[in-house]
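Data block below; observations after.
Residue numbers (this note's numbering): 190 to 493.
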(Lines of atoms letter the chains of each structure in order from A; the text may use other names.)
(Lines give C-alpha, C1' and ligand atoms only; values in the text may rest on other atoms or scores of the structure.)
Protein backbone atom coordinates (compact mmCIF):
# COMPACT_ATOMS: atom_id res chain seq x y z
CA UNK A 190 0.00 0.00 0.00
CA UNK A 191 1.43 3.48 -0.83
CA UNK A 192 3.21 5.15 2.09
CA UNK A 193 3.34 8.71 0.78
CA UNK A 194 4.47 11.36 3.23
CA UNK A 195 1.70 13.81 2.30
CA UNK A 196 -1.26 11.54 3.10
CA UNK A 197 0.46 10.30 6.27
CA UNK A 198 0.70 13.82 7.65
CA UNK A 199 -2.80 14.77 6.55
CA UNK A 200 -4.35 11.65 8.05
CA UNK A 201 -2.52 12.10 11.33
CA UNK A 202 -3.71 15.68 11.48
CA UNK A 203 -7.32 14.56 11.10
CA UNK A 204 -7.24 11.72 13.65
CA UNK A 205 -8.39 14.17 16.29
CA UNK A 206 -9.76 16.96 14.16
CA UNK A 207 -6.91 19.46 13.95
CA UNK A 208 -8.31 21.88 11.36
CA UNK A 209 -10.07 23.96 13.92
CA UNK A 210 -11.53 27.44 13.90
CA UNK A 211 -11.44 29.62 16.99
CA UNK A 212 -14.27 28.56 19.26
CA UNK A 213 -14.67 31.93 20.96
CA UNK A 214 -14.06 35.48 19.84
CA UNK A 215 -10.89 35.56 21.95
CA UNK A 216 -9.54 32.37 20.42
CA UNK A 217 -8.19 29.31 22.25
CA UNK A 218 -6.91 30.12 25.76
CA UNK A 219 -3.71 28.08 25.33
CA UNK A 220 -1.15 28.25 22.54
CA UNK A 221 1.62 25.87 21.49
CA UNK A 222 5.11 27.08 20.70
CA UNK A 223 7.51 25.56 18.15
CA UNK A 224 8.15 21.84 18.52
CA UNK A 225 11.80 20.79 18.87
CA UNK A 226 13.39 17.36 18.46
CA UNK A 227 16.76 15.98 19.56
CA UNK A 228 18.29 12.59 18.82
CA UNK A 229 19.49 11.37 22.24
CA UNK A 230 20.24 7.76 21.18
CA UNK A 231 20.23 5.87 17.87
CA UNK A 232 16.69 4.65 18.57
CA UNK A 233 15.41 7.51 20.74
CA UNK A 234 14.07 10.91 19.76
CA UNK A 235 13.39 13.50 22.45
CA UNK A 236 10.52 15.87 21.66
CA UNK A 237 9.92 19.13 23.51
CA UNK A 238 7.45 21.96 23.11
CA UNK A 239 6.16 24.94 25.04
CA UNK A 240 2.50 25.51 25.94
CA UNK A 241 1.34 28.94 27.15
CA UNK A 242 -1.95 29.49 28.95
CA UNK A 243 -3.22 33.00 28.16
CA UNK A 244 -6.42 33.13 30.21
CA UNK A 245 -7.51 31.52 33.46
CA UNK A 246 -9.42 28.25 33.13
CA UNK A 247 -9.67 27.25 36.79
CA UNK A 248 -13.47 27.59 36.90
CA UNK A 249 -14.01 24.27 35.05
CA UNK A 250 -11.75 21.52 36.45
CA UNK A 251 -11.85 18.97 33.63
CA UNK A 252 -12.47 18.47 29.93
CA UNK A 253 -14.04 15.20 28.66
CA UNK A 254 -12.20 13.65 25.70
CA UNK A 255 -13.73 10.64 23.89
CA UNK A 256 -11.38 7.68 23.43
CA UNK A 257 -11.76 4.28 21.79
CA UNK A 258 -9.79 1.29 20.57
CA UNK A 259 -11.32 1.75 17.10
CA UNK A 260 -12.13 5.06 15.41
CA UNK A 261 -13.62 5.69 11.97
CA UNK A 262 -14.13 8.97 10.11
CA UNK A 263 -15.41 8.86 6.58
CA UNK A 264 -18.23 9.55 4.13
CA UNK A 265 -21.73 8.16 4.64
CA UNK A 266 -22.18 6.25 1.38
CA UNK A 267 -25.57 5.97 -0.31
CA UNK A 268 -27.18 7.49 2.78
CA UNK A 269 -26.24 4.45 4.85
CA UNK A 270 -23.60 2.72 6.94
CA UNK A 271 -22.37 -0.27 4.91
CA UNK A 272 -21.64 -3.18 7.23
CA UNK A 273 -19.38 -4.72 4.57
CA UNK A 274 -17.18 -1.60 4.48
CA UNK A 275 -17.79 0.67 7.47
CA UNK A 276 -17.34 4.30 6.39
CA UNK A 277 -15.19 3.11 3.48
CA UNK A 278 -12.64 1.36 5.72
CA UNK A 279 -13.01 -2.27 4.48
CA UNK A 280 -13.88 -3.11 8.10
CA UNK A 281 -16.72 -5.66 8.24
CA UNK A 282 -19.06 -5.57 11.24
CA UNK A 283 -22.63 -6.64 12.06
CA UNK A 284 -23.60 -3.31 13.60
CA UNK A 285 -27.28 -4.16 14.11
CA UNK A 286 -26.74 -7.74 15.33
CA UNK A 287 -29.11 -9.49 12.92
CA UNK A 288 -26.55 -11.98 11.61
CA UNK A 289 -26.45 -10.41 8.14
CA UNK A 290 -24.37 -7.71 6.51
CA UNK A 291 -26.73 -4.88 5.64
CA UNK A 292 -26.91 -1.25 4.63
CA UNK A 293 -28.12 0.70 7.67
CA UNK A 294 -30.00 3.86 6.66
CA UNK A 295 -28.71 7.12 8.17
CA UNK A 296 -31.30 9.87 8.37
CA UNK A 297 -31.26 13.24 10.08
CA UNK A 298 -34.21 15.54 10.57
CA UNK A 299 -33.38 18.66 12.53
CA UNK A 300 -31.55 17.59 15.68
CA UNK A 301 -32.73 13.95 15.44
CA UNK A 302 -30.27 11.45 13.96
CA UNK A 303 -31.41 7.90 13.21
CA UNK A 304 -29.30 4.89 12.24
CA UNK A 305 -31.33 1.86 11.11
CA UNK A 306 -34.45 3.65 12.44
CA UNK A 307 -32.98 3.99 15.95
CA UNK A 308 -32.38 7.44 17.46
CA UNK A 309 -28.72 8.03 18.36
CA UNK A 310 -27.11 11.04 20.01
CA UNK A 311 -23.99 12.43 18.30
CA UNK A 312 -21.39 14.14 20.45
CA UNK A 313 -21.05 16.99 17.94
CA UNK A 314 -22.16 18.33 14.57
CA UNK A 315 -18.85 18.57 12.70
CA UNK A 316 -15.36 17.11 12.62
CA UNK A 317 -13.77 20.16 14.21
CA UNK A 318 -16.57 21.59 16.34
CA UNK A 319 -17.46 21.37 20.04
CA UNK A 320 -18.28 17.99 21.54
CA UNK A 321 -20.57 17.11 24.46
CA UNK A 322 -19.79 13.47 25.38
CA UNK A 323 -22.33 13.21 28.24
CA UNK A 324 -26.09 12.98 28.35
CA UNK A 325 -28.09 14.99 30.87
CA UNK A 326 -27.98 12.02 33.28
CA UNK A 327 -24.16 12.07 33.26
CA UNK A 328 -23.75 8.91 31.18
CA UNK A 329 -21.65 8.86 28.01
CA UNK A 330 -23.51 9.13 24.72
CA UNK A 331 -23.15 5.51 23.61
CA UNK A 332 -25.55 3.63 21.37
CA UNK A 333 -26.32 -0.01 20.57
CA UNK A 334 -28.66 -1.16 17.81
CA UNK A 335 -29.13 -4.61 19.32
CA UNK A 336 -27.89 -6.42 22.46
CA UNK A 337 -25.94 -8.79 20.19
CA UNK A 338 -24.16 -5.88 18.45
CA UNK A 339 -21.19 -3.75 19.53
CA UNK A 340 -21.65 -0.39 21.21
CA UNK A 341 -20.62 2.78 19.42
CA UNK A 342 -20.51 6.53 19.85
CA UNK A 343 -21.19 8.94 17.00
CA UNK A 344 -18.47 11.56 17.39
CA UNK A 345 -20.21 13.80 14.87
CA UNK A 346 -22.60 13.70 11.96
CA UNK A 347 -22.40 16.33 9.27
CA UNK A 348 -25.06 16.41 6.56
CA UNK A 349 -23.34 18.32 3.76
CA UNK A 350 -21.12 16.70 2.72
CA UNK A 351 -22.36 13.56 4.52
CA UNK A 352 -19.50 12.62 6.86
CA UNK A 353 -19.56 10.77 10.16
CA UNK A 354 -17.11 10.00 12.96
CA UNK A 355 -17.61 6.77 14.90
CA UNK A 356 -15.94 5.20 17.94
CA UNK A 357 -16.63 1.45 17.96
CA UNK A 358 -16.43 -1.17 20.68
CA UNK A 359 -13.80 -3.84 20.16
CA UNK A 360 -14.16 -6.84 22.47
CA UNK A 361 -14.08 -5.45 26.02
CA UNK A 362 -12.95 -1.99 24.94
CA UNK A 363 -16.04 0.24 24.96
CA UNK A 364 -16.04 3.84 23.71
CA UNK A 365 -15.18 5.86 26.79
CA UNK A 366 -14.34 9.32 28.07
CA UNK A 367 -11.00 10.41 29.48
CA UNK A 368 -11.56 13.06 32.16
CA UNK A 369 -8.57 15.29 31.46
CA UNK A 370 -7.41 18.32 33.43
CA UNK A 371 -8.62 21.58 31.92
CA UNK A 372 -6.62 22.54 29.91
CA UNK A 373 -4.53 19.56 28.81
CA UNK A 374 -2.21 18.68 25.97
CA UNK A 375 -3.09 15.63 23.88
CA UNK A 376 0.01 13.93 22.48
CA UNK A 377 -0.73 11.44 19.69
CA UNK A 378 2.17 9.51 18.13
CA UNK A 379 1.17 7.40 15.13
CA UNK A 380 2.45 5.09 12.40
CA UNK A 381 0.81 3.35 9.40
CA UNK A 382 -0.35 -0.24 9.84
CA UNK A 383 -1.89 -2.95 7.68
CA UNK A 384 -5.56 -2.94 6.72
CA UNK A 385 -8.01 -4.02 9.43
CA UNK A 386 -10.81 -6.10 7.91
CA UNK A 387 -12.89 -6.90 11.00
CA UNK A 388 -12.99 -7.47 14.77
CA UNK A 389 -10.66 -10.49 14.57
CA UNK A 390 -8.10 -8.67 12.44
CA UNK A 391 -6.52 -6.03 14.67
CA UNK A 392 -2.73 -5.90 14.21
CA UNK A 393 -0.20 -5.68 17.01
CA UNK A 394 0.26 -2.52 19.04
CA UNK A 395 2.57 0.21 17.67
CA UNK A 396 6.18 -0.80 17.10
CA UNK A 397 7.53 2.20 19.03
CA UNK A 398 7.39 3.18 22.71
CA UNK A 399 6.23 6.52 24.06
CA UNK A 400 8.04 7.53 27.25
CA UNK A 401 6.68 10.39 29.35
CA UNK A 402 7.84 11.50 32.79
CA UNK A 403 5.42 10.37 35.48
CA UNK A 404 4.22 7.44 33.34
CA UNK A 405 0.69 8.73 32.62
CA UNK A 406 -1.78 6.20 31.28
CA UNK A 407 -1.55 5.62 27.52
CA UNK A 408 -4.27 4.78 25.00
CA UNK A 409 -3.63 2.61 21.93
CA UNK A 410 -6.01 3.43 19.09
CA UNK A 411 -6.48 2.14 15.54
CA UNK A 412 -8.01 4.76 13.24
CA UNK A 413 -9.41 5.06 9.72
CA UNK A 414 -10.06 8.40 7.96
CA UNK A 415 -10.02 7.86 4.18
CA UNK A 416 -11.93 10.91 2.97
CA UNK A 417 -8.96 13.25 3.53
CA UNK A 418 -7.04 11.41 0.78
CA UNK A 419 -9.48 12.72 -1.82
CA UNK A 420 -7.56 15.99 -1.53
CA UNK A 421 -4.26 14.30 -2.38
CA UNK A 422 -5.32 11.50 -4.73
CA UNK A 423 -3.40 8.98 -2.60
CA UNK A 424 -4.57 5.62 -1.27
CA UNK A 425 -5.96 5.58 2.29
CA UNK A 426 -4.21 3.94 5.21
CA UNK A 427 -5.00 2.68 8.67
CA UNK A 428 -3.02 4.20 11.53
CA UNK A 429 -2.15 2.87 14.96
CA UNK A 430 -1.17 5.28 17.70
CA UNK A 431 -0.24 5.82 21.32
CA UNK A 432 -1.61 8.88 23.06
CA UNK A 433 -1.35 10.58 26.43
CA UNK A 434 -2.92 13.65 28.06
CA UNK A 435 -0.68 16.05 29.98
CA UNK A 436 -1.97 18.79 32.34
CA UNK A 437 -1.29 22.44 31.46
CA UNK A 438 -1.37 25.56 33.66
CA UNK A 439 -4.88 26.69 34.59
CA UNK A 440 -3.76 30.33 34.93
CA UNK A 441 -1.54 32.46 32.69
CA UNK A 442 1.79 30.66 32.63
CA UNK A 443 4.10 28.63 30.38
CA UNK A 444 4.90 24.92 30.64
CA UNK A 445 7.86 23.17 29.03
CA UNK A 446 6.92 19.58 28.08
CA UNK A 447 9.30 16.81 27.05
CA UNK A 448 8.77 13.18 26.05
CA UNK A 449 10.62 10.49 24.12
CA UNK A 450 9.76 8.21 21.18
CA UNK A 451 11.78 4.98 21.17
CA UNK A 452 11.79 3.16 17.84
CA UNK A 453 12.25 -0.55 17.20
CA UNK A 454 13.80 -2.33 14.24
CA UNK A 455 10.31 -2.51 12.70
CA UNK A 456 9.56 1.21 13.01
CA UNK A 457 9.55 3.10 9.69
CA UNK A 458 7.33 6.18 9.61
CA UNK A 459 6.22 7.92 12.81
CA UNK A 460 4.24 11.16 13.09
CA UNK A 461 3.04 13.36 15.91
CA UNK A 462 -0.11 15.37 16.60
CA UNK A 463 -0.04 17.75 19.57
CA UNK A 464 -3.31 19.48 20.45
CA UNK A 465 -4.78 21.37 23.38
CA UNK A 466 -8.15 20.27 24.79
CA UNK A 467 -10.05 22.75 26.96
CA UNK A 468 -13.52 23.57 28.27
CA UNK A 469 -15.25 26.86 28.98
CA UNK A 470 -18.34 25.12 30.41
CA UNK A 471 -18.76 21.83 32.31
CA UNK A 472 -19.18 18.76 30.10
CA UNK A 473 -17.86 20.25 26.85
CA UNK A 474 -14.75 19.58 24.82
CA UNK A 475 -13.18 22.35 22.74
CA UNK A 476 -9.93 22.09 20.80
CA UNK A 477 -7.20 24.46 19.71
CA UNK A 478 -5.05 24.24 16.58
CA UNK A 479 -2.61 21.34 16.44
CA UNK A 480 1.02 20.81 15.59
CA UNK A 481 1.57 17.96 13.10
CA UNK A 482 5.13 16.74 12.54
CA UNK A 483 6.72 13.71 10.90
CA UNK A 484 9.29 12.42 13.40
CA UNK A 485 10.74 9.49 11.49
CA UNK A 486 10.67 8.38 7.86
CA UNK A 487 12.87 5.38 7.09
CA UNK A 488 12.26 3.58 3.76
CA UNK A 489 11.18 -0.05 4.00
CA UNK A 490 13.94 -2.59 3.46
CA UNK A 491 13.72 -4.48 0.14
CA UNK A 492 12.68 -8.11 0.35
CA UNK A 493 15.11 -10.96 -0.23
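C-beta atoms are modelled at their ideal positions from N, C-alpha and C, and glycine is treated no differently. Source: prediction; values computed, not measured.
Check	Outcome
Exposed or buried, residue 222, counting other C-beta atoms within 10 Å across all chains shown (16 or more means buried)?	exposed
Going straight from the alpha carbon of residue 324 to that of residue 276, what length do you get?	25 Å
Compare the Cα-Cα distances from residue 254 to each of 232, 370, 400 and 247 and report the closest residue.	370
If you draw a straight line from the alpha carbon of residue 353 to that of residue 383, how long is it in whole angstroms?	23 Å
Which residues does DSSP list as the beta-bridge partners of residue 356?	260 and 342
If you follow the beta strand (DSSP E) that residue 442 is part of, which residue opens it and which one closes it?	442-451
Keeping to the same chain, check which residues put their C-beta closer than 7 Å to that of residue 296; ignore five residues upstream and five downstream.	303
Check whether the segment 314-321 touches the segment 231-249, taking contact to mean three or more Cβ pairs, one atom from each stretch, closer than 8 Å.	no
Using a Cβ-Cβ cut-off of 6 Å (strictly less than) and excluding sequence neighbours within five positions of residue 413, which residues of its own chain qualify?	261, 278 and 427
Once the 5 residues before and after residue 408 are set aside, which same chain residues still bring their CB inside 6 Å of it?	256 and 432
Shortest alpha-carbon distance to residue 271 belongs to which of 292, 283 and 259?	292
Which whole-angstrom value describes the C-beta separation of residue 181 and residue 286, a residue pair presumed to lie in contact below a C-beta threshold of 8 Å?	With the chain running from 190 to 493 in the structure shown, residue 181 is simply not present.
Give every residue of the same chain whose Cβ lies closer than 8 Å to the Cβ of residue 347, excluding the five residues on either side of it in the sequence, and list them in chain order.	314, 315, 316 and 353
Buried or exposed: residue 452, going by 16 or more other Cβ atoms within 10 Å of its Cβ?	buried
Using the C-alpha atoms, what's the distance from residue 251 back to residue 444?	18 Å
Less than 7 Å separating the beta-carbons of residue 479 and residue 458?	no
Please name the residue in 226, 233, 244 and 236 whose C-alpha comes closest to that of residue 438.	244
Between residue 248 and residue 373, what straight-line distance do the alpha-carbon atoms span, to the nearest angstrom?	14 Å
Let me know the secondary structure DSSP gives residue 477 once reduced to three states.	strand
Excluding the 5 residues flanking residue 246 on each side, which residues of the same chain have their C-beta closer than 7 Å to its C-beta?	218, 371, 372, 439 and 467
In whole angstroms, give me the CA-to-CA distance for residue 481 and residue 425.	18 Å
Please look up how many angstroms separate the CB atoms of residue 294 and residue 268, rounded, as I've assumed it's under 8 Å.	6 Å
Among 386, 312, 234 and 290, which one has its Cα closest to the Cα of residue 475?	312
Quick one: what does DSSP say residue 277 is sitting in, helix, strand or coil?	helix
Can you check which of these residues, 265, 329, 385 and 402, is closest to residue 429 by C-alpha distance?	385
On the CB-based measure, 16 or more other CB atoms within 10 Å of its CB, does residue 389 come out buried or exposed?	exposed
Can you tell me whether residue 236 is buried or exposed, with buried defined as 16 or more other CB within 10 angstroms of its CB?	buried
Look at the alpha carbon of residue 399 and the alpha carbon of residue 330, and state the distance between them as a whole number of angstroms.	30 Å
For a quick check, are the C-beta atoms of residue 284 and residue 338 less than 7 Å apart?	yes
Identify every run of the beta strand (DSSP E) within the segment 365-409, keeping only runs that are complete inside it and at least 3 residues long; order them along the chain.	365-370, 373-382 and 398-401
I need the DSSP call for residue 470, collapsed to helix, strand or coil.	coil
Cutting at 6 Å between CB atoms, please list the residues of its own chain near residue 233, excluding the five before and the five after it.	449 and 451
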